[in-house]
Amino acid sequence: MTHVFGQATTPVLYKNLVIVHRGPGVKTHLVALNRQTGATVWDTPEFAKNSNLYGSWSTPVIVRVGGRDELIVTMPREIKGYDPTTGKELWKCGGLGTEIYTMPTIGNGLVVGISGHQGPAMAVKLGGRGDLTESNRLWLTAKNQQRVGSGVIVGDHLYVSNATGIAQCIDARTGKVVWAKRLGGTLWGTMLAAGGRLYVGNKEGDVFVLAASPEYKLLARNRMGEHMKAAVAPSDGQLFVRTYKTIYCIGKRTR
Numbered sequence: 302m303t304h305v306f307g308q309a310t311t312p313v314l315y316k317n318l319v320i321v322h323r324g325p326g327v328k329t330h331l332v333a334l335n336r337q338t339g340a341t342v343w344d345t346p347e348f349a350k351n352s353n354l355y356g357s358w359s360t361p362v363i364v365r366v367g368g369r370d371e372l373i374v375t376m377p378r379e380i381k382g383y384d385p386t387t388g389k390e391l392w393k394c395g396g397l398g399t400e401i402y403t404m405p406t407i408g409n410g411l412v413v414g415i416s417g418h419q420g421p422a423m424a425v426k427l428g429g430r431g432d433l434t435e436s437n438r439l440w441l442t443a444k445n446q447q448r449v450g451s452g453v454i455v456g457d458h459l460y461v462s463n464a465t466g467i468a469q470c471i472d473a474r475t476g477k478v479v480w481a482k483r484l485g486g487t488l489w490g491t492m493l494a495a496g497g498r499l500y501v502g503n504k505e506g507d508v509f510v511l512a513a514s515p516e517y518k519l520l521a522r523n524r525m526g527e528h529m530k531a532a533v534a535p536s537d538g539q540l541f542v543r544t545y546k547t548i549y550c551i552g553k554r555t556r
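Residue numbers (my numbering): 302 to 556.
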């Protein structure tokens, strides 16, 4: 499989399976492998989901919905839900664009899908089956700011940044923008929510700390001094920041 821009999805672990979104490329598939043997357990093809320029680089997300697990992935033109045990399609909802960089953003009973290259964004109420475009789609914005990094949902609000350096707070149930503030630089990293705060870095090496609140508050701007694109990652009360040259661990020093 080949694509002019390569692949970027991350494997997902589920029980005894490793689930991979193999795309974009000549053939796009969702594939589940046995964790111990590597044998194919199921293979679900996704037709007409790729071209020389377009496709989805989205990593799937597994979420518990109505007492059962669902594998959710943002694909060109739609969000789709699958049974992670069998690979069977459970539902779909149309409305996205042809380029997808971000993961599904899930919280509070809904999923938000965001297109790249100024394409549409939309929210879907979880829990349905079949085509949910008319029944469960909560909102759709036809033109969206350029997104590379994924957002997060905290309470009733979606927090997300765009490639032009602007962070936004959006009402997750209506799509209404609550605030939009320019942080500066080029924001490619995925937003992290931890401890009531939001963390996001720009390519120029700044890590911004915001309050996870519908009232805008910039709490800190930390200059790492190196080029970076990765998201800030939390673990055991510490934060890890990866630049092009260095990995930093930030937390209370222990001896």
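C-beta atoms are modelled at their ideal positions from N, C-alpha and C, and glycine is treated no differently. Since this is a predicted model, take the numbers as computed values, not measurements.
If you look at residue 469, you'll find it in the beta strand (DSSP E) that goes 467 to 472. Put simply, the backbone Cα of residue 385 is about 13 Å away from that of residue 392. By the beta-carbon neighbour count (other beta carbons within 10 angstroms, threshold 16), residue 451 is buried.
Membership of residue 539 in the beta strand (DSSP E) is indicated by the continuous run 539 to 543.
Collapsing the DSSP output to three states places residue 347 in a strand.
Annotated three-state conformation of residue 402 is coil, per DSSP. Note on geometry: alpha-carbon atoms of residue 347 and residue 328 lie some 8 Å from one another. In this structure, DSSP gives residue 387 a state outside helix and strand, which the three-state scheme calls coil.
Nearest in C-alpha terms to residue 545, of all of 476, 405, 506 and 464, is 506. A Cβ-Cβ separation of about 2 Å places residue 325 in contact with residue 356 under the 8 Å criterion.
Pairing residue 459 with residue 485, the inter-Cα distance amounts to about 20 Å.
Comparing C-alpha distances from residue 412 to each of 398, 521 and 394 shows the shortest one belongs to 394.
In the structure shown, residue 535 adopts extended strand secondary structure according to DSSP, grouped into three states. Relative to the Cα of residue 474, the nearest Cα in the group 463, 466 and 442 belongs to 442.
A contact is defined here as three or more CB-CB pairs under 8 Å, and the region 493 to 509 meets this definition with respect to the region 526 to 546. Boundaries of the beta strand (DSSP E) harbouring residue 321: 318 to 323, taken from the DSSP string.
Judged by DSSP in its simplified three-state form, residue 449 adopts coil rather than helix or strand. For the pair residue 390 and residue 472, the Cα-to-Cα distance works out to about 29 Å.
Here residue 436 is near residue 429, since their CB atoms are less than 8 Å apart.
In the three-state reduction of the DSSP assignment, residue 418 falls in the coil class, being assigned neither a helical nor a strand state. In this structure residue 547 is exposed. Its beta-carbon is surrounded by fewer than 16 other beta-carbon atoms within 10 angstroms. CA-to-CA, the gap between residue 420 and residue 463 works out to about 12 Å. The residue among 498, 341, 527 and 522 with its C-alpha nearest the C-alpha of residue 504 is 527. Per DSSP, the beta bridge partners of residue 458 are 455 and 472. Of all alpha-carbon atoms in 403, 511 and 425, the one lying nearest the alpha-carbon of residue 382 is that of 425. Secondary structure note for residue 376: its beta strand (DSSP E) is the uninterrupted segment 369 to 376. Beta bridge pairing from DSSP links residue 519 with 511.
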